[in-house]
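Undergrad:
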Amino acid sequence: MDSLEQIERESITKAAELLLNSKNAVVLTGAGISTESGIPDFRGESGIWMKYKPKIYGSIQSFLKDPSKFWKMAEDIAPTLFSAEPNPGHYAIAALEKMNILKAIITQNIDELHQKAGSIIIYEVHGNINRFTCLGCRASYNKEQIVRKIKKEKNPACDYCAAPLKPSVVLFGENLPNFEKYMSIDLAKKADIMLIAGSSLTVAPVCDLPLYTLSEGGKLIIVNDQPTYLDDRAEIVINHKTGIILPLIVKEIKKIKVEHESETDI
Ligand code: APR
């Protein structure tokens, strides 16, 4: 599946041209961009929700009733999550930001791999896994403290008030953080190009962000190994691995830039 069809090569060139000529491109990433770093996605073949029912393991209602279910899932996933390194897809996105092509990264991911890859303007619309807050006195704990607590406590509790600790990720039934939510809507409205990488586009309100771009006349480039509900409204759809396609788009952009520079040198 890693060989590229001619049609995909043409789409890569077209995507490179669109991004190079854009004025306000942004990228929206999902769990699919981190699978090549070893972190399972949610709805792909071996996704997390295939093993853990989101209603029981991923909703705020179930967390408040019985946090042990969430912590059991977290204990299973944490080692991979905390040790993961960025893959070529993350580095390609960081390169596009460095080239001042991507103005921002809107990510549904909580793994901080965009930060590790060198991206700077990042909006984590579903929070991140490196902060934990006490539901009682709002005390804040970091990842290292929690990893130590999980080993001793079935339900990590606050050292001060003994209330349950909750990771700063958005669970089903919770609102998105206001700043990231409103910034990402604003960016989507202003985007002339939204690159969508590794998301099934199935979870609201984030899956509606591309509609803001379309409603303002912007275009979509979707790189995802499964179809999405917006494929027929996208300018370009490449059903392939982000870790392969995104670096090829960056390579194509650099090639076009060199050709343009050599033409102007004449
Ligand atoms: N390259 C391209 N696409 C990939 C790759 C890859 N290497 N690996 C997986 N995919 C695709 C999957 O086929 C799937 O369509 O990425 C998509 C990931 O979709 P989801 O697992 O639904 O992840 P995401 O879209 O980020 O989910 C959104 O749902 O459960 C909540 O909070 C969770 O942030 C998450 C949100």
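First residue of the sequence shown: 1183, per my numbering; consecutive thereafter.
Quick reminder that beta carbons are idealized off the backbone N, C-alpha and C, glycines included.
Owing to the predicted nature of the structure, the values given are computational and were not obtained by experimental measurement.
Output needed for Met1255: all residues of its chain with C-beta closer than 6 Å, excluding positions within five of it in sequence on either side, in chain order.
TA: Excluding positions up to five away in sequence, the list reads Tyr1234, Tyr1239.
Undergrad: Here's a check: name, in chain order, each residue in its chain whose Cβ is nearer than 6 Å to the Cβ of Pro1268, leaving out the five neighbours to either side.
TA: Correct list, in chain order: Leu1295, Lys1298, Ala1299.
Undergrad: If contact is defined by three or more beta carbon pairs under 8 Å, each pair taking one atom from either stretch, is the region 1258-1277 in contact with the region 1216-1228?
TA: Counting Cβ pairs under 8 Å, three or more are found: they touch.
Undergrad: Would you check if the region 1383-1390 and the region 1328-1343 touch, i.e. whether three or more CB-CB distances between them fall below 8 Å?
TA: Judged by Cβ distances under 8 Å, the region 1328-1343 makes no contact with the region 1383-1390, as fewer than three pairs qualify.
Undergrad: Using DSSP with H/G/I as helix, E/B as strand and the rest coil, what is Met1183?
TA: Residue placement at Met1183 is poorly supported in this model, since its pLDDT is 42, which falls under 50; the coordinates still yield a value, given next. In the structure shown, Met1183 sits in coil (DSSP, three-state: anything other than H, G, I, E or B).
Undergrad: Is it buried or exposed for Gln1290, if we count other Cβ within 10 angstroms and need 16 for buried?
TA: Buried, because 16 or more other Cβ atoms sit within 10 Å of the Cβ of Gln1290.
Undergrad: What does a CB cutoff of less than 7 Å around Glu1398 pick up in its chain, not counting 5 residues either side in sequence?
TA: Cβ within range, chain order: Lys1371.
Undergrad: Is it right to say Tyr1411 is buried, meaning 16 or more other beta carbons lie within 10 angstroms of its own, or is it exposed?
TA: Exposed, since its Cβ has fewer than 16 Cβ neighbours within 10 Å.
Undergrad: Here's the rule I'm using: 16 or more other beta-carbon atoms within 10 Å means buried, otherwise exposed. How should Ile1435 be labelled?
TA: The residue is buried, with at least 16 neighbouring Cβ atoms inside 10 Å.
Undergrad: What residue does the beta strand (DSSP E) around Tyr1288 start on, and which one ends it?
TA: It should be pointed out that residue 1288 corresponds to Ile in this sequence rather than to Tyr. Ile1288 -> beta strand (DSSP E) spans 1284-1289.
Undergrad: Does the distance from the C-beta atom of Thr1211 to that of Gly1380 stay below 8 Å?
TA: Against a cut-off of 8 Å, the Cβ pair of Gly1380 and Thr1211 comes out as a contact.
Undergrad: On the CB-based measure, 16 or more other CB atoms within 10 Å of its CB, does Glu1192 come out buried or exposed?
TA: Result: exposed.
Undergrad: What residues in its chain sit with their C-beta under 6 Å from that of Met1183, if we drop five residues either side in the sequence?
TA: With a pLDDT of 42 at Met1183, under the threshold of 50, the predicted position of this residue should be treated as unreliable, though the coordinate-derived value follows. Excluding residues within five positions, none has a Cβ falling inside 6 Å.
Undergrad: Which two residues bound the contiguous beta strand (DSSP E) that contains Lys1280?
TA: That residue, Lys1280, is in no beta strand (DSSP E); its alpha helix (DSSP H) goes 1270-1280.
Undergrad: Buried or exposed: Lys1247, going by 16 or more other Cβ atoms within 10 Å of its Cβ?
TA: When all chains shown are included, Lys1247 counts as exposed.
Undergrad: Rounded to whole angstroms, how far is the Cβ of Asp1293 from the Cβ of Ala1276, which I believe are closer than 8 Å?
TA: Actually they do not touch by this definition, with Cβ atoms about 15 Å apart.
Undergrad: Shorter than 7 Å, the distance from the beta carbon of Thr1384 to the closest heavy atom of the ligand APR, or not?
TA: Under cutoff, so the answer is yes.
Undergrad: On the three-state DSSP scale, how would you describe Lys1235?
TA: The answer is coil: DSSP assigns Lys1235 none of H, G, I, E or B.
Undergrad: Have a look at Lys1325 and Asn1312 and give me their C-alpha separation to the nearest angstrom.
TA: The straight-line gap from Cα to Cα measures roughly 5 Å.
Undergrad: Check the DSSP bridge columns for Asn1324 and list the partner residues they point to.
TA: DSSP lists Arg1313 as partners of Asn1324.
Undergrad: What does Lys1348 pair with, by DSSP beta-bridge criteria?
TA: DSSP, once it has assigned bridges, lists Thr1315 as partnering Lys1348.
Undergrad: Quick check on Glu1434: does DSSP put it in helix, strand or coil?
TA: Here Glu1434 sits in helix by DSSP.
Undergrad: Less than 8 Å between C-beta atoms, sequence neighbours within five positions excluded: which residues of the same chain meet that for Lys1439?
TA: If we look at Lys1439 and ignore the five residues flanking it on each side, its Cβ neighbours are Leu1202.
Undergrad: Would you mind stating whether Pro1249 and Pro1346 have Cβ atoms separated by less than 8 Å?
TA: Yes, they are a contact pair.
Undergrad: Among residues of its own chain, excluding the 5 on either side of Pro1236, which ones have a beta-carbon nearer than 7 Å to its beta-carbon?
TA: If we look at Pro1236 and ignore the five residues flanking it on each side, its Cβ neighbours are Phe1354.
Undergrad: Can you name, in chain order, every residue of its own chain whose Cβ lies under 7 Å from the Cβ of Glu1362, other than the five neighbours on each side?
TA: For Glu1362, where only same-chain residues beyond five positions count, the Cβ hits under 7 Å are Tyr1305, Glu1306, Val1307.
Undergrad: Does DSSP put Lys1336 in a helix, in a strand, or in coil?
TA: If DSSP states are grouped into helix, strand and coil, Lys1336 belongs with coil.
Undergrad: Is Thr1211 helix, strand or coil when you go by DSSP?
TA: It is a strand residue.
Undergrad: To the nearest angstrom, how far is it from the Cα of Lys1196 to the Cα of Asp1414?
TA: Straight-line Cα distance between these residues: approximately 17 Å.
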